[in-house]
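In full-length UniProt numbering, the protein residues as written are 1 to 91.
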């Protein structure tokens with residue numbers, strides 16, 4: 001009788017031990033994946049921002065070199081507002 005109870009208790013303990021160690025480990029791996037994915041996306045945004053800044057800088061330098069007038073500047077701003085990727089920067 002005691003052997004049966006001891007075996008049942010051992011099985012219950014083993015089940016709880018597996019659940020209480022495996023589930024947190026899986027949650028930690030999921031969290032690490034989300035963190036790594038977020039860092040990857042932030043680095044992509046930084047590169048995109050650097051590219052956009054560089055393009056804007058060179059566009060500005062070119063405009064200054066050719067002596068762009070006020071109407072051309074206005075046209076460039078209107079063009080930039082029409083593009084979805086630049087519209088957020090213009091507001």
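We treat Cβ as the ideally placed atom computed from N, Cα and C, and that holds for glycine.
What separation, rounded to the nearest whole angstrom, lies between the Cα atoms of residue i and residue j?
i	j	result
residue 17	residue 10	10 Å
residue 59	residue 73	11 Å
residue 44	residue 26	27 Å
residue 30	residue 37	11 Å
residue 84	residue 32	33 Å
residue 48	residue 24	36 Å
residue 76	residue 28	49 Å
residue 40	residue 51	17 Å
Name the two residues that bound the continuous alpha helix (DSSP H) containing residue i.
i	result
residue 82	70 to 82
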